[in-house]
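One structure is given below, encoded as structure tokens.
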Amino acid sequence: MKTAKGKGTAKYSKEVLKPVDDRNVGKRKAAERSSKRQVKNVKKAKKDPNKPKRPSSAFFVFLEEFRKEFKKENPNVKAVSAVGKAGGAKWKSMSSAEKAQYEAKAAKRKTDYEKQMKAYNKKQESTADDDDEESDRSKSEVHDDEDNDEEGGQHEEEVEEEEEDEEEDDD
Numbered sequence: 001m002k003t004a005k006g007k008g009t010a011k012y013s014k015e016v017l018k019p020v021d022d023r024n025v026g027k028r029k030a031a032e033r034s035s036k037r038q039v040k041n042v043k044k045a046k047k048d049p050n051k052p053k054r055p056s057s058a059f060f061v062f063l064e065e066f067r068k069e070f071k072k073e074n075p076n077v078k079a080v081s082a083v084g085k086a087g088g089a090k091w092k093s094m095s096s097a098e099k100a101q102y103e104a105k106a107a108k109r110k111t112d113y114e115k116q117m118k119a120y121n122k123k124q125e126s127t128a129d130d131d132d133e134e135s136d137r138s139k140s141e142v143h144d145d146e147d148n149d150e151e152g153g154q155h156e157e158e159v160e161e162e163e164e165d166e167e168e169d170d171d
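Note that the UniProt record's numbering gives residue 163 to position 163 of the sequence shown, counting from 1, and the numbers run on in steps of one.
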């Protein structure tokens, strides 16, 4: 069996195998990905540097002390992951009685954090109220000025008419 050979058949089979439209598909996908990345960056809000940091959990309180001990025992180990793995293994092996002291420290830090957050929120509310009052005042002053400018002639005419009416009543 012989296949058909010729310029027309080869040209036709190549077009079927590699359409021109496929080249643009990758570019469109890349463009969609970049637009999604831009949207993610826009959503992030700025953090307030004065806001209190959340308290660490009992495990992280334990890890603070464990790091010091681990570095004294193993001064050559520089990897953070090694300290974390060793600390995690020791935390799992500890009994609940041994963990209690760290849980108490974490609870104390949590109560301190809650007090700081209450004070922070009160301060934020008071500054927000002050800003609102100032902006309300400035808006009303602007509106008053606009009203006087637009109705300046009309307002003066009304005052003159009232004065004339009063003079007529006096006569």
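Even for Gly, the Cβ is constructed at its ideal location relative to N, Cα and C. Small disclaimer: the values here were computed from a predicted structure and weren't measured.
What residue range does the alpha helix (DSSP H) around K85 cover?
80–93
Using a 10 Å radius around the Cβ and a threshold of 16 neighbouring Cβ atoms, would you call G88 buried or exposed?
exposed
Going by the CB atoms, is the gap between A58 and A97 shorter than 8 Å?
no
Less than 7 Å between C-beta atoms, sequence neighbours within five positions excluded: which residues of the same chain meet that for D147?
The predicted position of D147 is uncertain, since its pLDDT is 49 and thus under 50; no value can be drawn from it.
Exposed or buried, V61, counting other C-beta atoms within 10 Å across all chains shown (16 or more means buried)?
buried
8 Å Cβ cutoff met for P52 and Q124:
Not a contact, by the Cβ cut-off of 8 Å.
Distance between E65 and N76 (C-alpha atoms, nearest Å)
18 Å
For R109 and K78, what's the separation of their Cα atoms in angstroms?
Each residue's alpha carbon lies about 29 Å from the other.
N-terminal and C-terminal residue of the alpha helix (DSSP H) that K68 is part of:
58–73
Just confirm the distance between the C-beta atoms of F70 and V80, as a whole number of angstroms; I'd bet it's less than 8 Å.
The Cβ separation is near 11 Å, so there is no contact.
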